[in-house]
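Chemist:
Protein chains: 4
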Amino acid sequence: MQISCDFKSIVDRYDIIFFDAFGVIKNYKGLVPGIEGTFAYLEAQNKEYYIVTNDASRSPFQLAESYHNKGLHAITHDRIISSGMLAKDYLDLKVPQGIVAYLGTPDSAHYIESQGLHTLPISQVNDDNINEVSALVFLDDEGFDWFSDLNKCVNLLRKRNIPAIVANTDRAYPLNLHDVSIAIGGLANMIENIVGKKFIRFGKPDSQMFMFAYDLIRERRPIDKKNIVMVGDTLQTDIMGGNKFGFDTVLVLSGNTQKVDAKTRINSTGIVPTYICESAVI
Amino acid sequence: MQISCDFKSIVDRYDIIFFDAFGVIKNYKGLVPGIEGTFAYLEAQNKEYYIVTNDASRSPFQLAESYHNKGLHAITHDRIISSGMLAKDYLDLKVPQGIVAYLGTPDSAHYIESQGLHTLPISQVNDDNINEVSALVFLDDEGFDWFSDLNKCVNLLRKRNIPAIVANTDRAYPLNLHDVSIAIGGLANMIENIVGKKFIRFGKPDSQMFMFAYDLIRERRPIDKKNIVMVGDTLQTDIMGGNKFGFDTVLVLSGNTQKVDAKTRINSTGIVPTYICESAVI
Amino acid sequence: MQISCDFKSIVDRYDIIFFDAFGVIKNYKGLVPGIEGTFAYLEAQNKEYYIVTNDASRSPFQLAESYHNKGLHAITHDRIISSGMLAKDYLDLKVPQGIVAYLGTPDSAHYIESQGLHTLPISQVNDDNINEVSALVFLDDEGFDWFSDLNKCVNLLRKRNIPAIVANTDRAYPLNLHDVSIAIGGLANMIENIVGKKFIRFGKPDSQMFMFAYDLIRERRPIDKKNIVMVGDTLQTDIMGGNKFGFDTVLVLSGNTQKVDAKTRINSTGIVPTYICESAVI
Amino acid sequence: MQISCDFKSIVDRYDIIFFDAFGVIKNYKGLVPGIEGTFAYLEAQNKEYYIVTNDASRSPFQLAESYHNKGLHAITHDRIISSGMLAKDYLDLKVPQGIVAYLGTPDSAHYIESQGLHTLPISQVNDDNINEVSALVFLDDEGFDWFSDLNKCVNLLRKRNIPAIVANTDRAYPLNLHDVSIAIGGLANMIENIVGKKFIRFGKPDSQMFMFAYDLIRERRPIDKKNIVMVGDTLQTDIMGGNKFGFDTVLVLSGNTQKVDAKTRINSTGIVPTYICESAVI
């Protein structure tokens with residue numbers, strides 16, 4: 078395992094590149110400087126690429142728009158695979174009717190709405206409608222009052238034996254250079270421990286995330302896992318998940334994993350990427 | 078293991094009785110009806126008794142006063158041993174100076190104050206004083222803004238390698254007949270998982286709780302563990318802790334453990350009380 | 078949720094049936110009595126069916142043969158999807174060369190062999206060949222000496238930063254009416270906790286198991302998840318995994334889950350099957 | 078937090094010194110070279126000292142003898158406090174009669190025998206005597222057949238709702254410079270996870286271990302926690318436990334914690350010793 082700084086030569090060996098978003102393409106300040114060059118190169122070389130992200134705060138259209146607003150136009154909505162899409166898929170398949178209570182912003186909820194289902198902020202669940210609630214979805218750490226609404230979640234799940242879906246498994250995310258923020262996945266873990274039931278989680282490192290992306294591609298053309306590489310900044314999600322699914326993996330040092338302790342972390346976790354690069358910038 | 082309804086005959090066999098508070102002496106409505114009779118009997122028989130409680134929300138004086146206000150005068154402050162007292166003891170021994178940041182109400186903080194230490198709500202920790210913070214204490218689930226203050230705790234513990242003390246390990250508590258509330262122990266578990274550090278916990282089933290009570294008695298007279306019985310409503314805290322410390326134990330069915338599933342829970346957890354009684358009422 | 082005894086009417090609603098093996102088709106005594114009728118009916122109705130099993134002890138050919146020896150000829154090797162197949166797939170994709178050390182019988186190891194890879198019982202790893210070992214696979218609880226070989230695994234993983242693959246995640250399995258046996262998944266959990274590294278697990282409830290089966294079918298014809306039902310006896314693996322993947326699910330009461338506590342377990346875990354049947358016998 | 082090499086000046090500040098055994102006084106090769114000088118100094122200065130060890134393999138007499146055989150005569154049996162002593166204490170208080178089944182050597186079992194109790198290796202538990210078994214004790218990783226006897230433990234605990242006592246909570250111990258061995262605490266964790274019951278654990282970092290030592294001293298003379306310092310090589314047991322009990326603590330770098338990563342581990346765990354020294358040698 079050596080730190081190879083040539084992300085370009087790695088890209089040249091594969092047909093399809095999967096990117097994590099936060100810590101790889103963008104960070105709390107905006108785009109990773111120079112990342113536009115990477116996508117220009119991929120386009121020029123006719124490489125296929127996808128963003129595979131533990132993000133359920135917005136729809137792929139809105140996520141794509143946020144890249145466009147930052148000046149990165151290469152990432153269109155059909156290039157984005159989010160854990161929120163898997164949550165929506167689950168609801169479509171398994172929750173035919175009723176109210177889906179949620180924790181998150183209206184943006185996050187709007188996206189999971191579908192025929193027959195009515196989304197409702199957990200704050201609006203009450204004695205009159207609680208028996209119609211057929212699922213609880215954890216979407217985003219914003220858009221609700223933590224004290225009253227987290228307590229409401231606990232009591233909803235004690236009273237109704239309904240599926241609880243965690244659409245973003247991350248426990249925290251960087252807010253700026255010095256601070257992190259508790260993510261919805263961390264809040265969901267607490268509630269799961271308190272109520273003692275098994276929640277349904279979508280998001281890396283879970284295989285279903287990679288499978289969803291893989292399937293989208295296969296619907297258009299035959300592919301081989303050996304021709305796909307997963308690029309991420311986090312060992313426990315991007316690299317662990319990519320490895321398990323059978324992809325080659327690139328750890329980049331532009332986010333959660335710092336150059337100074339990359340090797341220590343790889344040795345202590347046993348999660349070994351195929352390559353290590355300073356960043357995904359070409 | 079049989080449900081013996083005669084709490085009195087059990088009491089007769091021991092010199093000292095330890096009681097859990099919530100679910101045994103009081104509940105969300107007030108005192109457990111008839112519990113005054115138990116303490117009258119104990120006084121008449123010259124039995125010694127103590128309340129051993131996972132409660133760090135108030136001082137023993139304030140806790141005793143709350144019983145007096147409900148009409149139970151037998152419980153004086155010197156009869157109360159709380160997990161908050163152990164947290165205070167820890168601070169006295171191990172944190173000689175600086176600021177102790179806390180989550181909880183002013184009542185809970187007032188109690189842990191001591192010479193040389195200055196308590197400060199986590200909300201008031203800022204860039205100017207963060208380097209003087211020498212401990213973080215989780216006291217109560219009320220008295221702070223969950224969103225901003227829980228996030229502040231995470232970032233404080235990432236920046237300063239200071240002890241984090243959990244003065245009440247309960248994860249939830251009953252609010253009324255139908256609802257529970259997330260307790261400070263549940264919030265502390267979430268933050269411990271996110272920051273990845275080891276917190277210091279006080280409260281049943283931890284032995285230190287029983288040891289504190291046991292020591293108080295031994296300072297006055299010799300005793301034998303065989304002459305003490307622990308009475309509680311929760312297998313995982315009262316009974317587990319009492320058994321491990323070497324006490325006989327009584328599970329009462331007036332709180333967390335319902336008659337209908339007491340045996341199922343005892344079998345599934347392997348936590349076996351010496352006796353089971355409907356309640357601690359004589 | 079009601080116990081519907083009519084497994085046949087359920088089968089009629091789907092095109093493809095996935096079966097767990099142990100506790101559904103067979104048990105420690107042999108075949109579940111009458112299960113041949115189920116497969117006769119499926120054949121007569123032109124239903125497609127697959128066995129999806131957390132079993133890495135033998136190849137699909139050998140597993141199929143064991144059904145034939147018991148008189149059930151409907152289950153051919155191409156109907157069997159085992160967690161062992163996923164482990165083999167992983168090795169093919171991610172471990173191009175070297176020695177694969179294993180815990181299990183020669184039968185289990187024979188199956189995962191492939192070009193370029195050499196399987197070796199952990200007992201034969203020594204100072205001369207340890208540097209060539211490129212993976213460790215947990216296949217079966219038999220075929221090795223627990224004391225010396227489990228200790229060797231711990232030390233191999235401390236010395237070499239290689240992937241550890243758990244090809245059967247079950248922690249225990251029934252041996253007879255009264256006794257269970259510790260399974261390789263239970264042993265692997267212990268070693269993972271001791272060495273502190275992240276192991277790669279294949280087997281229900283993990284989605285990759287269901288995806289593997291789903292993919293095999295899709296290679297031949299288009300399908301829809303709504304036309305597949307998963308039949309199993311264990312909430313935490315069969316039902317949890319099937320639900321998450323978007324399948325309808327049937328809990329049968331012929332194995333791990335007894336009729337007497339099915340509802341208690343469903344309520345306490347929050348894992349809710351679409352249907353409950355006494356057994357899969359038609 | 079600085080590495081102060083002067084263990085002597087630390088010792089001078091306290092009346093009573095508690096030492097961990099393995100990694101502090103002895104290692105796999107024998108005594109830590111020069112440690113005799115430490116005890117000579119303690120004797121000369123009239124300091125009181127105790128060995129506080131997670132060891133249930135032998136009685137304090139046999140443990141003391143093993144030091145004498147290595148040439149260290151200062152450690153007499155009454156200076157040794159072992160987790161095995163707490164297990165014996167528990168049995169004396171809580172298990173008045175019947176058979177105590179055990180995992181370990183005859184040496185370990187001999188020690189826990191007491192009036193009314195009959196110890197029996199788990200291998201000799203059978204259908205005839207299983208109903209008389211009143212406790213299961215995990216003493217040592219040697220002296221039994223792992224395959225058959227660990228499976229017997231699982232089935233014993235499924236059939237009989239009896240206390241399971243773990244007399245040594247360590248998960249692994251060093252065998253030589255390169256290898257470790259799975260300890261009885263690691264095996265007990267596996268079995269606890271499989272049977273799903275709560276085991277009773279004795280050993281650092283649990284407070285009961287420190288209290289036992291503290292009590293022995295207090296029976297002879299008044300002491301203050303501020304005059305006691307705990308010396309150990311392991312953050313998670315010696316330092317965590319000592320800190321929580323209110324003692325000052327010394328981390329020595331002669332065992333589990335290496336100089337090269339001491340600070341990394343202290344920062345990542347949040348377990349901060351009062352002092353760090355190269356070793357306990359004076």
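Protein chains in written order, with this note's numbering: chain S, 78 to 359; chain C, 78 to 359; chain R, 78 to 359; chain U, 78 to 359. From the three backbone atoms N, C-alpha and C, an ideal C-beta is built for every residue, glycine too.
What three-state label does DSSP hand V214 (chain R) in the structure shown?
Modeler: Start at 1 with the first residue of the third sequence, and residue 214 (chain R) comes out as number 137. Looking at V214 (chain R) - three-state DSSP - the assignment turns out to be strand.
Chemist: Of all Cβ atoms in chain S, is any one closer than 8 Å to the Cβ of G111 (chain C)?
Modeler: For the purposes of this step, residue 111 (chain C) is identified with residue 34 of the second sequence, where counting begins at 1. Judged by the 8 Å Cβ criterion, G111 (chain C) is not in contact with chain S.
Chemist: Name the residues in the segment 148 to 176 of chain C whose C-beta lies less than 9 Å from a C-beta of chain U; which are they?
Modeler: Of all residues in the segment 148 to 176 of chain C, D166, Y167, D169, L170 and K171 have a Cβ within less than 9 Å of some Cβ in chain U.
Chemist: Mind pulling the chain D residues with CB within less than 7 Å of F215 (chain S)?
Modeler: Although the question refers to chain D, the structure presented lacks it and instead comprises the protein chains S, C, R and U.
Chemist: Given a limit of 8 Å on CB to CB distance, which residues of the segment 186 to 214 of chain U reach chain R?
Modeler: Within the segment 186 to 214 of chain U, no residue has a Cβ that lies closer than 8 Å to any Cβ of chain R.
Chemist: Tell me, please, which residues DSSP counts as bridged to F95 (chain R).
Modeler: Taking the first residue of the third sequence as 1, we reach residue 95 (chain R) at position 18. R:Y127 and R:M307.
Chemist: In angstroms, rounded to a whole number, what distance separates the CA positions of S345 (chain S) and L233 (chain R)?
Modeler: As a position in the first sequence, residue 345 (chain S) is number 268, starting the count at 1. As a position in the third sequence, residue 233 (chain R) is number 156, starting the count at 1. The alpha-carbon atoms of S345 (chain S) and L233 (chain R) are separated by roughly 14 Å.
Chemist: Who are the near neighbours of F98 (chain U) in its chain, counting only those whose CB is closer than 6 Å to its CB and skipping five residues on each side?
Modeler: Here the question's residue 98 (chain U) lines up with position 21 in the fourth sequence. Before going further, note that residue 98 (chain U) is Ala rather than Phe in the sequence given. Excluding sequence neighbours, A98 (chain U) sits near I128 and T130.
Chemist: Would you kindly work out how many angstroms separate the C-alpha atoms of K171 (chain S) and M307 (chain R), rounded to a whole number?
Modeler: Taking the first sequence and counting its residues from 1, one reaches residue 171 (chain S) at position 94. Taking the third sequence and counting its residues from 1, one reaches residue 307 (chain R) at position 230. Cα to Cα, K171 (chain S) sits roughly 13 Å from M307 (chain R).
Chemist: List, in chain order, every chain S residue whose beta-carbon is nearer than 9 Å to that of G273 (chain R).
Modeler: As a working note, residue 273 (chain R) is residue 196 in the third sequence. By Cβ distance, chain S contributes S345, T346 and G347.
Chemist: Measure the beta-carbon distance from L264 (chain R) to A241 (chain R) and round it to whole angstroms, keeping in mind my assumption that it falls under 8 Å.
Modeler: In the third sequence, the residue the question calls residue 264 (chain R) occupies position 187. In the third sequence, the residue the question calls residue 241 (chain R) occupies position 164. The Cβ separation is near 12 Å, so there is no contact.
Chemist: Would you tell me roughly how many angstroms separate the C-alpha atoms of F221 (chain S) and D325 (chain R), rounded to the nearest one?
Modeler: For the purposes of this step, residue 221 (chain S) is taken as the residue at position 144 of the first sequence. For the purposes of this step, residue 325 (chain R) is taken as the residue at position 248 of the third sequence. Using only the alpha carbons, I get a separation of about 33 Å.
Chemist: Counting contacts by CB-CB distance shorter than 8 Å, is R248 (chain U) in contact with chain R?
Modeler: Working through the fourth sequence from its first residue, we reach residue 248 (chain U) at position 171. Taking Cβ atoms only, chain R reaches closer than 8 Å to R248 (chain U), which makes this a yes.
Chemist: Got a sec, what are the start and stop residues for the alpha helix (DSSP H) S160 (chain U) sits in?
Modeler: Looking up residue 160 (chain U) in the fourth sequence gives position 83. Residues S160 to K171.
Chemist: Let's test the definition: count the other Cβ atoms within 10 Å of the Cβ of K321 (chain U) and tell me whether it reaches 16, buried, or not, exposed.
Modeler: Along the fourth sequence, read from residue 1 onward, the residue named residue 321 (chain U) stands at position 244. Buried.
Chemist: Strictly under 8 Å for the Cβ-Cβ distance: is F324 (chain U) near chain R by that measure?
Modeler: The count along the fourth sequence starts at 1 and reaches residue 324 (chain U) at position 247. No, F324 (chain U) does not count as interfacial toward chain R.
Chemist: Run through the segment 195 to 245 of chain C for me and flag every whole beta strand (DSSP E) of 3 or more residues, listed as ranges in chain order.
Modeler: For the segment 195 to 245 of chain C, whole beta strand (DSSP E) runs of length 3 or above, ordered along the chain, are 210 to 215 and 241 to 243.
Chemist: When every heavy atom of the ligand ATP is checked, does at least one fall within less than 7 Å of the C-beta of N208 (chain R)?
Modeler: Looking for the ligand ATP in the displayed structure turns up nothing, as the structure carries no ligands at all.
Chemist: For A241 (chain U), would you say it is in contact with chain C, using Cβ-to-Cβ distances shorter than 8 Å as the test?
Modeler: As a working note, residue 241 (chain U) is residue 164 in the fourth sequence. Yes, because at least one Cβ of chain C sits closer than 8 Å to the Cβ of A241 (chain U).
Chemist: Rounded C-beta distance between I239 (chain C) and Y167 (chain C)? I'm assuming under 8 Å.
Modeler: To locate residue 239 (chain C), count along the second sequence from 1; it is residue 162. To locate residue 167 (chain C), count along the second sequence from 1; it is residue 90. Incorrect: roughly 13 Å between the Cβ atoms, too far for contact.
Chemist: I294 (chain R) to I300 (chain R), Cα distance in whole Å?
Modeler: Position 217 of the third sequence holds residue 294 (chain R). Position 223 of the third sequence holds residue 300 (chain R). Each residue's Cα considered, the two are about 8 Å apart.
Chemist: What in chain U is Cβ-close to I261 (chain R), meaning under 7 Å?
Modeler: The residue you call residue 261 (chain R) lines up with position 184 of the third sequence. The contacting residues do not exist; I261 (chain R) stays about 12 Å from chain U at best.
Chemist: Is there a Cβ from chain C that is less than 8 Å from the Cβ of Q285 (chain U)?
Modeler: For the purposes of this step, residue 285 (chain U) is taken as the residue at position 208 of the fourth sequence. Answer yes: the Cβ-Cβ gap between Q285 (chain U) and chain C drops below 8 Å somewhere.
Chemist: Strictly below 7 Å CB to CB, what residues from chain S border N232 (chain R)?
Modeler: Taking the third sequence and counting its residues from 1, the one referred to as residue 232 (chain R) is at position 155. Correct list: empty, because the minimum Cβ distance to chain S is about 14 Å.
Chemist: Against K281 (chain R), what residues of chain S qualify as contacts under a CB-to-CB distance less than 7 Å, listed in chain order?
Modeler: Along the third sequence, one-based indexing puts residue 281 (chain R) at 204. The premise fails here: K281 (chain R) is roughly 12 Å from chain S at the closest Cβ pair, so nothing lies under 7 Å.
Chemist: My assumption, with CB atoms under 8 Å, is that S160 (chain C) sits in contact with A244 (chain C). Please give the rounded CB distance.
Modeler: As a position in the second sequence, residue 160 (chain C) is number 83, starting the count at 1. As a position in the second sequence, residue 244 (chain C) is number 167, starting the count at 1. Correct: roughly 5 Å between the Cβ atoms.
Chemist: Can you name, in chain order, every residue of its own chain whose Cβ lies under 8 Å from the Cβ of N104 (chain U), other than the five neighbours on each side?
Modeler: Position 27 of the fourth sequence, counted from the first residue, corresponds to residue 104 (chain U). Around N104 (chain U): P251, S331 and G332.
Chemist: Does DSSP classify N104 (chain R) as helix, strand or coil?
Modeler: For the purposes of this step, residue 104 (chain R) is taken as the residue at position 27 of the third sequence. Looking at N104 (chain R) - three-state DSSP - the assignment turns out to be strand.
Chemist: Locate the beta strand (DSSP E) running through T326 (chain C), then write down its first and last residues.
Modeler: Locating residue 326 (chain C) in the second sequence gives position 249, counting from the first residue. Taken as a continuous stretch (DSSP letters only), the beta strand (DSSP E) holding T326 (chain C) covers D325 to V329.
Chemist: Using three-state DSSP, classify S356 (chain S) as helix, strand or coil.
Modeler: On the first sequence, residue 356 (chain S) is found 279 positions in, with the first residue counted as 1. If DSSP states are grouped into helix, strand and coil, S356 (chain S) belongs with coil.
Chemist: Does N320 (chain S) get closer than 8 Å to chain R when you measure Cβ to Cβ?
Modeler: Stepping through the first sequence from its first residue, residue 320 (chain S) is reached at position 243. Yes, because at least one Cβ of chain R sits closer than 8 Å to the Cβ of N320 (chain S).
Chemist: Does the distance from the C-beta atom of Q313 (chain S) to that of S284 (chain R) stay below 8 Å?
Modeler: Residue mapping note: residue 313 (chain S) aligns to position 236 of the first sequence, counting from 1. Residue mapping note: residue 284 (chain R) aligns to position 207 of the third sequence, counting from 1. The answer is no: Cβ separation not under 8 Å.
Chemist: Please go through the segment 127 to 152 of chain R and give each complete alpha helix (DSSP H) segment of 4 or more residues, from N-terminal end onward.
Modeler: Runs of the alpha helix (DSSP H) inside the segment 127 to 152 of chain R: 137 to 146.
Chemist: Report yes if the C-beta distance between G319 (chain R) and F287 (chain R) is below 8 Å; otherwise report no.
Modeler: Within the third sequence, residue 319 (chain R) is the residue found at index 242, counting from 1. Within the third sequence, residue 287 (chain R) is the residue found at index 210, counting from 1. Yes, they are a contact pair.
Chemist: For D155 (chain C) and L180 (chain C), what's the separation of their Cα atoms in angstroms?
Modeler: As a working mapping, residue 155 (chain C) is identified with position 78 in the second sequence. As a working mapping, residue 180 (chain C) is identified with position 103 in the second sequence. The alpha-carbon atoms of D155 (chain C) and L180 (chain C) are separated by roughly 26 Å.
Chemist: What does A178 (chain S) pair with, by DSSP beta-bridge criteria?
Modeler: As a working note, residue 178 (chain S) is residue 101 in the first sequence. DSSP lists S:L197 and S:L213 as partners of A178 (chain S).
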